[in-house]
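Protein chains in written order, with our numbering: chain A, 1 to 305; chain B, 1 to 350.
A virtual CB, placed ideally from N, CA and C, is assigned to each residue, including glycine.
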Amino acid sequence: MGNYVVKRVLSAAVTLFLVATITFFLMNMVPGGPFLAEKAPSKATLAALEAKYGLDKPLGEQYISYLQGAIKGDFGPSIKQRGRTVSQIITSKFPVSAKLGGISILIAVCVGVPLGAIAALNRGKTTDNVIRLISTCGIAVPSFVVSTVLMYILSVKLGLLPTYGLTTAKHYIMPVAALAFYPTAYICRLMRSSMLDVLGQDFMRTARAKGLSQMMSLFKHALRNAILPVVTYLGPLLAYTLTGSFVVEKIFTIPGLGSEFISSITNRDYPMIMGTTIFLAALIITMNVVVDIVYKIVDPRIKLK
Amino acid sequence: MDENKKKNPLSFQLNVDDFLPAEDSEKQSLVVMRESVSFWKDGLRRLAKNKIAMVSLVVVILIMIGAFFVPGIYPYGYEEQIRGSENVAPMQYSAEEQARIAAGEKVFPHFLGTDSLGRDVTVRLLMGSRVSLLVGLVASGIILLIGSIYGAVAGYVGGWADMIMMRLVDIIYTVPDILIIILLSVTLKFPLKSLAELPGFGWINTVGIGLVCIFIVFALLYWVGMARIVRSQILTLKEQEYVTAARALGANGGHIIRKHLLTNCIGTLIVTTTLQIPSAIFTESFLSFIGLGVAAPMPSLGSLASQAIGGLESYPHRLLAPAIMISLIILSFNLLGDGLRDAFDPKLKN
């Protein structure tokens, strides 16, 4: 077990290092540098600016000092938001996104798992067909479509919910629904197929044969085994929720990290893009490792290599 | 005389007629094997039985015709700004056009109205679908090419080469794809722009820098899933006797991979490629929606939806049309892929 953990953590570190390196050199590929606005600054101003941000040093040196800073959580100052560092922006905006994403993931799991299980138990009946139809459509609809259609129906037409901001519980309904839509459908499909798999296993018949009630055999044997694929999906789900929040936050004008990232792209705020990318990548990669390790602990049948 | 012989049961004289060669019709009755069915026939027959897959196939073909042929014969161009016909509602005519109709001219209706610049929404929707389909098809083609070759070589060669190649795949697999895609689309535009000015690279401008950028991004990141699937198939296939036989006959590795191994996992290749199309379209629409996809004035379904948000209150159809279109495309490709999987590669199920 210890070996496995070490191996996974090391490979995650390599991946993260790779992401940071790719990010750094891609950003430096862009000609003109970050100060090339519509109104080009004078040569002297440019030189002063470059000296201030350390951009006059050779690329290798910049790279090393950037990495050293990044390890300590210092991504340098934001170029477009004067006087604020990238780390400050991330720490102030991330909690908003994390809250939104966390609620969405919770809802996706709490709705998707029971729906999938119900569909599997009623295989071939109307309930199953309806759930399957909805979930198949669910994975075909991008989150921006869900967000905008919800917004049109609930806010513009019916005037029930506010269209922007994130101040009251009412504000959360639409963004969370938009963000949770796809993962709910996906988890539902995953749960249905794995539940069908488990229900056909011999040990289910044995459980019933030895006198266990239907409910007991379902909860003690079927659900516990069938939920494993959902656990493995949690890592990618986090990545999806984080990137999905780019769009959802933009549409509902939520002051989170996602909308900050999008606006840093349109503003060409390179330190901000780099910092956010590395921060989110670290988060996703760490979560993937954690989920992998948890999965091996939960399912003792899986051999550790 | 003859009749006499037959009537005597103890006679040893045999009837010569019984020893004539059997006719074809007689042989037929003894055949217990059914006619051998080729891989394609078998798969297509199963596919034809699947109603959902057939409906999706028809929808896909219809959308393709609409996206690739209709804009060519459509009376309005996707960039064409019709003066005086800004913000026309669906199936309505602007004042100028009504005057022309009154004068006896025939004016082609705007089925979905026009946008704020006086461009016909229908033809823009069709062009947007063309971009989405193009991205889906070309990106999947690139992924198929890179992924299958890489996976096949890794699986066939094995040993150290396989280990190093698959470590690389593992690393790319864990890289958060959307983040890198966004990063690449931000940064690739500049080098591509300068590359397009070099002689021999003019085609980049014809295709569009945004599109080329998306293709490169997909080619760099998304082949790893395909490579993994192909490799695992090749690992079992290469132990088969016919591969040993081919090697004994002196065939080299490239020949075996091309003629024996890849042809034998064609089912997997088809299914994986088909299911790759909707995911590529999904990502492209996401990129266009956040403003990183194809460049204006070329429409994409994502950018059409993004532009429509501002006028949601007055012109909801401008948002609903691309939204429905994109969901329909992704849904039908998903269902078609599922159908193909059941037909050509039942093992892949679950």
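8 Å Cβ cut-off: residues of chain A touching Thr-174 of chain B = Residue 174 of chain B sits at position 174 when you count from the first residue of the second sequence. Within 8 Å Cβ-Cβ: Ser-11, Ala-12, Thr-15, Ile-285 and Asn-288.
Is it true that the segment 180 to 194 of chain B meets the segment 286 to 295 of chain B, where meeting means three or more beta-carbon pairs spaced less than 8 Å apart?
-> yes
Taking Cβ to Cβ, would you say Ala-117 of chain A is nearer than 8 Å to Arg-132 of chain A?
-> If you number the first sequence from 1, residue 117 of chain A lands on position 117. If you number the first sequence from 1, residue 132 of chain A lands on position 132. No, they are not a contact pair.
Thr-241 of chain A bridges to which residues according to DSSP?
-> Counting from one through the first sequence, the residue named residue 241 of chain A turns up at place 241. DSSP, once it has assigned bridges, lists no residue as partnering Thr-241 of chain A.
From Leu-237 of chain B to Ile-146 of chain B, what distance separates their C-alpha atoms?
-> In the second sequence, residue 237 of chain B corresponds to position 237, counting from 1. In the second sequence, residue 146 of chain B corresponds to position 146, counting from 1. Straight-line Cα distance between these residues: approximately 20 Å.
Contacts of Leu-18 of chain A in chain B (Cβ-Cβ under 8 Å) = As a position in the first sequence, residue 18 of chain A is number 18, starting the count at 1. The contacting residues are Ile-171 and Val-175.
Rank A:Pro-183, A:Pro-175 and A:Ala-44 by C-alpha distance to the C-alpha of Val-312 of chain A and give the top, closest one.
-> This structure cannot settle anything about residue 312 of chain A, because the visible part of chain A is limited to 1 through 305.
Chain B beta carbons: is any one of them nearer than 8 Å to that of Tyr-152 of chain A?
-> Taking the first sequence and counting its residues from 1, the one referred to as residue 152 of chain A is at position 152. Yes, Tyr-152 of chain A counts as interfacial toward chain B.
Output yes or no for whether 8 Å exceeds the beta carbon distance between Pro-71 of chain B and Arg-130 of chain B.
-> Along the second sequence, read from residue 1 onward, the residue named residue 71 of chain B stands at position 71. Along the second sequence, read from residue 1 onward, the residue named residue 130 of chain B stands at position 130. Yes, they are a contact pair.
Under the three-state reduction of DSSP, which class applies to Thr-253 of chain A: helix, strand or coil?
-> On the first sequence, residue 253 of chain A is found 253 positions in, with the first residue counted as 1. Thr-253 of chain A falls in the coil class under three-state DSSP.
Anything in chain B within Cβ reach of Cys-188 of chain A, meaning under 9 Å, just list it in chain order.
-> Position 188 of the first sequence, counting from 1, holds the residue named residue 188 of chain A. Result: empty, since nearest Cβ-Cβ is about 15 Å, beyond 9 Å.
Run the CB neighbour count on Gly-336 of chain A, radius 10 Å, all protein chains shown included, and call it buried at 16 or more, exposed below.
-> Lying before the first or after the last residue shown, residue 336 of chain A is absent from chain A, which here runs from 1 to 305.
Distance between Asn-225 of chain A and Ile-273 of chain A (C-alpha atoms, nearest Å) | Taking the first sequence and counting its residues from 1, the one referred to as residue 273 of chain A is at position 273. Taking the first sequence and counting its residues from 1, the one referred to as residue 225 of chain A is at position 225. Distance between the alpha carbons of Ile-273 of chain A and Asn-225 of chain A: 41 Å.
Cys-110 of chain A burial status per 10 Å Cβ neighbour count (16 or more: buried) = Within the first sequence, numbered from 1, the residue matching residue 110 of chain A stands at position 110. Exposed is the call here.
Give, in chain order, every residue of the segment 327 to 343 of chain B whose Cβ lies closer than 9 Å to some Cβ of chain A.
-> Ser-327, Leu-328, Ile-329, Ile-330, Leu-331, Ser-332, Phe-333, Asn-334, Leu-335 and Asp-338
Any alpha helix (DSSP H) of 4 or more consecutive residues that is wholly inside the segment 273 to 323 of chain B | 301 to 308
What are the residues that DSSP puts in a beta bridge with Asp-120 of chain B?
-> In the second sequence, residue 120 of chain B corresponds to position 120, counting from 1. BP columns for Asp-120 of chain B point to B:Thr-114.
Indicate whether at least one CB of chain B lies closer than 8 Å to the CB of Phe-219 of chain A.
-> If you number the first sequence from 1, residue 219 of chain A lands on position 219. So, not an interface residue.
Enumerate in chain order the residues of its own chain whose CB-to-CB distance from Asp-162 of chain B is below 8 Å, with the five nearest sequence positions on each side excluded.
-> As a working mapping, residue 162 of chain B is identified with position 162 in the second sequence. Contacts found: Ala-154, Gly-155 and Arg-231.
Report yes if the C-beta distance between Leu-320 of chain B and Ser-148 of chain B is below 8 Å; otherwise report no.
-> The residue labelled residue 320 of chain B in the question sits at position 320 within the second sequence. The residue labelled residue 148 of chain B in the question sits at position 148 within the second sequence. Not in contact: Leu-320 of chain B and Ser-148 of chain B (Cβ atoms no closer than 8 Å).
At what residue ranges does the segment 195 to 231 of chain B contain a whole run of the alpha helix (DSSP H), taking only runs of 4 or more?
-> 203 to 207 and 209 to 221
Below 8 Å between beta carbons is the criterion; list the residues of the segment 270 to 294 of chain B that meet it against any residue of chain A, in chain order.
-> Pro-278, Phe-282, Ser-285, Phe-286, Phe-289, Ile-290, Gly-291 and Leu-292
Tell me which same chain residues have a C-beta within less than 7 Å of the C-beta of Val-271 of chain B, skipping the five on either side of it?
-> Against the second sequence, residue 271 of chain B aligns to sequence position 271. Here the set comprises Gly-337, Leu-340, Arg-341, Phe-344, Asp-345 and Leu-348.
Do Gly-151 of chain B and Arg-228 of chain B come within 8 Å of each other at the CB atom, strictly closer than that value?
-> Translated into positions along the second sequence, residue 228 of chain B becomes position 228. Translated into positions along the second sequence, residue 151 of chain B becomes position 151. Contact flag set, yes.
Between the Cα of Pro-255 of chain A and the Cα atoms of A:Arg-192, A:Lys-99 and A:Gly-165, which residue gives the shortest distance?
-> As a first step, residue 255 of chain A is located in the first sequence; it is residue number 255 there, counting from the start. The option with the nearest alpha carbon to Pro-255 of chain A is A:Gly-165.
What do you get for Leu-304 of chain A, buried or exposed, if any count of 16 or more other CB atoms within 10 angstroms of its CB means buried?
-> For the purposes of this step, residue 304 of chain A is taken as the residue at position 304 of the first sequence. Note that Leu-304 of chain A scores 47 on pLDDT, short of 50, meaning its location in the model is unreliable; the coordinates nonetheless yield the value given after this. Leu-304 of chain A comes out exposed.
Any beta-carbon of chain A closer than 8 Å to the one on Val-212 of chain B?
-> In the second sequence, the residue the question calls residue 212 of chain B occupies position 212. Chain A, which has no Cβ nearer than 8 Å to the Cβ of Val-212 of chain B, makes this no.
Interface residues of chain A around Pro-299 of chain B at Cβ under 8 Å?
-> Residue 299 of chain B sits at position 299 when you count from the first residue of the second sequence. Result: empty, since nearest Cβ-Cβ is about 15 Å, beyond 8 Å.
For Ile-89 of chain A, go through chain B and note every residue whose CB falls closer than 8 Å to its CB, in chain order.
-> Working through the first sequence from its first residue, we reach residue 89 of chain A at position 89. Ordered by position in chain B, no residue passes the 8 Å Cβ test against Ile-89 of chain A, which lies about 17 Å from the chain.
With Phe-279 of chain A and Ile-90 of chain A assumed to form a contact (beta carbons below 8 Å), what rounded beta-carbon distance in angstroms separates them?
-> Translated into the one-based positions of the first sequence, residue 279 of chain A becomes position 279. Translated into the one-based positions of the first sequence, residue 90 of chain A becomes position 90. 5 Å between Cβ atoms; contact.
Rounded separation between Arg-124 of chain B and Leu-117 of chain B - CA only = Taking the second sequence and counting its residues from 1, the one referred to as residue 124 of chain B is at position 124. Taking the second sequence and counting its residues from 1, the one referred to as residue 117 of chain B is at position 117. If I take the Cα positions, the gap works out to 12 Å.
Using a Cβ-Cβ cut-off of less than 7 Å, list which residues of the segment 220 to 249 of chain A approach chain B; keep chain order.
-> Ala-239, Thr-243, Phe-246 and Val-247
Compare the C-alpha of Leu-257 of chain A against each of A:Pro-236, A:Lys-93, A:Pro-175 and A:His-221 and name the closest.
-> As a working mapping, residue 257 of chain A is identified with position 257 in the first sequence. With distances taken between Cα atoms, Leu-257 of chain A lies closest to A:Lys-93.
Could you give the DSSP three-state label for Gln-85 of chain A: helix, strand or coil?
-> Counting from one through the first sequence, the residue named residue 85 of chain A turns up at place 85. Correcting the residue type first, residue 85 of chain A is Thr in the shown sequence and not Gln. Strand.
Partner residues on chain E for Ile-182 of chain B, Cβ-Cβ distance less than 7 Å = Absent from the structure: chain E. Protein chains present are A and B.
For Met-252 of chain A and chain B, any beta-carbon pair shorter than 8 Å?
-> The residue you call residue 252 of chain A lines up with position 252 of the first sequence. Here the sequence assigns Phe to residue 252 of chain A, which means Met is not the residue at that position. It does not: the Cβ of Phe-252 of chain A has no partner Cβ on chain B nearer than 8 Å.
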